[in-house]
Amino acid sequence: DWSYHTPSGYLINGTTIEGSKAYEHINGTEGNLNDEGGRFPDTEDLNQNGSLDLRNDYFEYSFSLDKTSPDTAFISGGKGLDPESDYGWRLYRIPLAQPDTVVGNPQWTNIEYVRIWVDEAPRDTIIMSIAEIKLVGSEWKERGLAYSDLDTVQYDAANDTTVRVTVVNTYDNPDYDPPPGVAGEIDPITKVQQKEQSLVLKVKELPPGANGIVQKAFFQPQSYINYKKMKMYVYGKDPYGLHIGQDTTSIVLFFRFGANEHNYYEFREKVYPGWDKRNEMLIDFEELTGLKNTGTPDEYGRITKVTKDGDTLRVVGKPSLTNMRQLTVGVINYNPDLPFTGEIWLDELRLSDVKKDRGKAMRARMDLRLADIATINAEMNRVDDDFRTVNERFGKGNNQLRGSLNASIKLDKFLPQTFGLSIPLSFQYQRSEASPKYFPGSDIIVSRKTATDSLLETIKTINNRKAMSISFRKSSRSHSPLLKYTIDAVSMNYAYSESFQSNSILKEGRSFRYNGTLNYSLAFNSTFHVKPFSWLGNGPIIKSLSQMGFYPVPKRVNYKLSFNRAKDTQINRNGLVTPRYTFVINQNFSTSLQPLRSLSLDYTRSHVNDLREILDPKVVFQGEMGPLTSMRQSIRVQFNPNFSNWLRLSSSMSTNFSYNNNIQQKTLGKSASNNITYNLTMNFNPQALAQKFARRRPSARSRARRRSARRPPPVRKENAKEPSKKEKKKQEKPKRKLPNLNPLRLFLFLGNQLQPISVRYSQKISSNNYGLVGMPPLAFQIGRTFNPGPIIQQNVGSNRGSFNRGYNIDAQSGLQISRQLRLTLKYAYNNSYNRTTTTTGSISDTKWRMGNTELPIPDWKLRWSGLEKLPFLSKYAQSISLDHSRNGRLVLKWQDSRENTVSRSLTLNYRPFIGLNVRLKNGINATLQYNLARSEALNLRGGVGGTRKRTSDINASITYAKRGGLSLGLPFLGKKVIKNSVDFSMNFVMSSDVSEQKSGQTGKYVEWTRNEKWSIMPRMTYSFSSTVRGGIRFEFGRTKNKLYGETRILELGINVNIQISGS
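844 is the number that my numbering gives to position 793 of the sequence shown; each next residue is one higher, with no gaps.
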């Protein structure tokens, strides 16, 4: 659909090229170097979006290749600064944060193309090669220049390029020499050595007495507390030799690490040429953190120490090795007269000497059982701060001591067993203490030397909990009717708990919990019933009605009353007190009725009351329950008449009502919702109906006997003549009869072949309302109306009132064409209506498209089994089956009115279009599936357009499993047999995915994306035992993407899994 632009005049080297020769100087980078049609571009639609893009959104950068230009500052490698050569490779680093021009509204999150051009070239021929273009970045950011190194000084990076950060490596910079003994890692597969690089601080004209810094921030705080030392290599480079010498230097490097600009550790050292041993940074954390206890702060609050090597350690503020959030590197020029221009390289910043302090853990446990009356369990645990498990790198940093005591006693054992009571009483006590190894938020070790007894108690974490519970229930049924309907149906329980908590932030936290439940549950097994229509008699039509029984006694009755009272008080160390009090009572009632065998009724209702304003709990027994905060009600009615075994009907209706009263919102806190669901299902079984008629139909033998019994014997007349031979032949000659079409036989045949027909209709209506005046009326609660009563404000905050209605129709049947061939049919229809601030809806229907015609044909699924019985397959196959299925869906969405359709989508799936399942007698299983899918979605809002998608895939797999055992035969193991298994599989996948788009209603579809893939993956897994498993897999293939081109897949995977468990 694209035509290439052929200008009438194209100027090359002063010569005008006409017409089709305009593209002959294209170098064929799109693989069209030797195409017969010429070197035309493959496409002018570079981003493959199928439309003409007229917007310009881009960043523009420019730099000069002239060595006398200031842009030589962008050269970071190669021979760009070699004064003896104007040629050779140069590595330019262009700062992306400083574009020359910004056109439109480009975004760094969406960079698709790069355009390069050369201006102001000399007249003679220029050959320029570009090896690589990469977008690179650094986590280190330039922070600018300052004339003091105090933490109160503000660095300003605006328009300052004195100290810049870059990298130098063995790949881009051939003249780079890494530190002694440092080299890039060697890839274990390709055996190629990776590049080794250093961070570079490029300093340009750093004034005397000034310093410049670069900084790196961490997204998550890091901890160095488990290491003893920090190391780094430092390289000094002074191209003019005015500041850095072998014996003297005026350049100092400082390295800071801490939480922020006011709390950090600092290391300072002088910088000498090259990878001098004196440049290597070595920080002893024990010596550094010890300054907090031994050093004396200066007038700026800094603690400073000069090491024996002449380096400087400094502590500023209150840093901690457990809270590292940023790193800062800076350069200071102590030369009083000359600015400094040069480079500082940093390499291999690392933590070393992991702390390997030993830790211990102990546990003691006691279990005591006093017959069947009482049990006592006690346990004590102690864990050191450096103790760690097998899967942990470091200890948790706390000295923990935990203890627990549990006791239970059965009070009913002290009562006569004939009472049949169960009264268990239990007690619990738990206490845990945790003393940190380091002060909270610090790296100073906690000890008697560094903290007073009162401070040790402050930083200790204490948790203390006491609890008691008791319950009462009848464990056996009584013979007395009075006890059966009173004590037997009642169960009660009560629980009380008290907890205390204290830590470095929380001075005191106390919590009290009171919970209780009273439950009355009664189940009736009564068969009592009455027959209100027995007086009608036993006529042939009214017999079923006269025999109908009415069961007035409910099947069950449940009532549950529970309360939850809690009182919490928290006092922080800063004096802030936070009290919280809750007191809630919950009541639940439910019952179930079945007045007729085909009719049942379930009813449930619950109330939640808030008693926080009631100070005296005794008033609850006087009927004062506090304000109602929540109410739930559910009603379900089912009617399932049983007409016959070939026709079954079932119907149900359920309504759910909910009321909420948020007393925090006062007048606008009342809301209510209800939803009603109707279901009607019909199941028609033609086979059962046909069998019923078949039983009534007499057999052929009995019909013959009845005909012979009714036919009188033939009587020969005395004067009758013997028939002649011609007459005998004429009588013996059979007459041709038309086939006898028996409707009953046809009905029985179709009834046996037709699968059960199921039709289901369901409808759901729901309503949500906010800002109510009070409780909705009874008609709203039971679903007779959707008017909740007076409303103060329909929408409250982000809550919006809504009304939804929808219904579904589903039908299913099938045809048993033969014993091995079966066809299943399904149909579904859905219609929904939704009203909130706007009115929307959707209609979904089962459709099948034939050309441009959409037909309401149900989905189908065809299965042909038993193919293994074919003569040429029965020798090898155990089972063979073929599958084919299709489902289609048309969805229409509308807004405001049903005539205003806003979108239309049609999906057709053939999964599988054809599927083959084979199981051979030698244990090999094979599957093959070919799937197709088509979809089209049209957006009808103002003619936006549509999308169309086509997918197809082929999946094939072959599996084989071998099971066996291995006998070790060792004397001390006896006849030990280890079961093992080997599984082999081979999978093949080939898929294609094409997406098309169009603009407007009349536009043509244009291909948008195309993805193609094929791959083959053999796999073998081996299970040596239940705890040792392993496997190997190999995958090779190709993927092809319209936008990104072709990619080769080549992957090898090996896995070994050894399970170690213990108690």
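Even for Gly, the Cβ is constructed at its ideal location relative to N, Cα and C.
Sequence-distant residues of its chain with Cβ nearer than 8 Å to residue i (five each side left out)
i: I538; result: K525 and S529
i: P324; result: G287, K288, D289, I295, G296 and Q297
i: R870; result: G917
Proximal residues to residue i (C-beta, below 6 Å), its chain only, five neighbours per side dropped
i: D861; result: R811 and A879
i: N885; result: N855 and T891
i: R683; result: S657 and S709
i: G296; result: none
i: R420; result: T426
i: R516; result: Q481 and S550
i: L700; result: P692 and M733
i: R414; result: N432
i: M1041; result: I1005 and W1065
i: F1075; result: N1031
Of the listed residues the options, nearest to residue i (C-alpha basis)
i: T2; options: N615, R453 and R409; result: Past the boundaries of the shown model lies residue 2; the chain is included only from 52 to 1114, so the question cannot be answered.
i: S1077; options: V1033, D228, S853 and Q1048; result: V1033
i: K288; options: A723, K255 and G492; result: K255
i: Q929; options: G939, H935, L918 and N938; result: L918
i: S695; options: Q738, E549 and R194; result: Q738
i: N660; options: L612, I686, S643 and R699; result: L612
i: Q158; options: A518, D151 and F110; result: F110
i: S702; options: S1074, N838, R687 and L596; result: R687
i: S895; options: Q867, V942 and S849; result: V942
i: E460; options: N1006, S522 and N432; result: Position check: residue 460 holds Ile in this sequence, whereas Glu was assumed. Checking every option, the nearest Cα to that of I460 belongs to S522.
i: E443; options: K407, T221 and V953; result: K407
i: T358; options: K1093, D335 and P387; result: D335
i: Q1087; options: N156, P1069, M901 and K1093; result: One detail in the question is off: residue 1087 reads as Phe in this sequence, not Gln. Taking only the C-alpha atoms, the option nearest F1087 is P1069.
i: R1089; options: L1101, I1083 and G1082; result: L1101
Whole-angstrom distance between residue j and residue i, CA atom to CA atom
i: R970; j: I931; result: 6 Å
i: I1105; j: S555; result: 49 Å
i: N384; j: G361; result: 18 Å
i: E1097; j: S1066; result: 13 Å
i: K582; j: I727; result: 32 Å
i: L1024; j: R409; result: Unreliable positioning characterises L1024 in this predicted model, as indicated by a pLDDT of 49, which lies under 50. The coordinate reading is nonetheless provided below. Those two C-alpha atoms are separated by around 38 Å.
i: N1108; j: R439; result: 23 Å
i: S498; j: T509; result: 13 Å
i: T897; j: K877; result: 9 Å
i: D200; j: T355; result: 14 Å
i: G381; j: F1039; result: 58 Å
i: Q149; j: A984; result: 49 Å
i: G674; j: D463; result: 32 Å
i: Q598; j: S577; result: 19 Å
i: K72; j: W168; result: With a pLDDT of only 48 at K72, under 50, the local geometry of the prediction cannot be trusted, and the value read off the model is given with reservation. Distance between the alpha carbons of K72 and W168: 22 Å.
i: A124; j: W191; result: 19 Å
i: L257; j: D349; result: 28 Å
Paired residues, beta bridge with residue i - DSSP
i: E312; result: Answer is none; E312 lacks a bridge partner.
i: E1086; result: E1102
i: Y880; result: I860 and D896
i: W396; result: V251 and Y286
i: H935; result: L913
i: F305; result: R319 and G381
Contact under 8 Å by Cβ, residue i with residue j
i: T1053; j: S1008; result: no
i: K606; j: Q645; result: yes
i: E394; j: L250; result: no
i: T340; j: I495; result: yes
i: Y858; j: N882; result: yes
i: G368; j: Y315; result: yes
i: A1132; j: P839; result: The structure shown does not extend to residue 1132, since the chain is modelled only from 52 to 1114, so the question has no answer here.
i: S562; j: D619; result: yes
i: G996; j: E987; result: no
i: G719; j: Q638; result: What sits at residue 719 in the sequence shown is Leu, not Gly. Not a contact, by the Cβ cut-off of 8 Å.
Check: residue i C-beta below 7 Å from any heavy atom of the ligand NAP
i: W1065; result: Inclusion of the ligand NAP in the displayed structure is not the case, the ligand content being empty and no account of it being possible.
Sequence-distant residues of the same chain with beta carbon closer than 7 Å to residue i, five excluded per side
i: L1103; result: F1085
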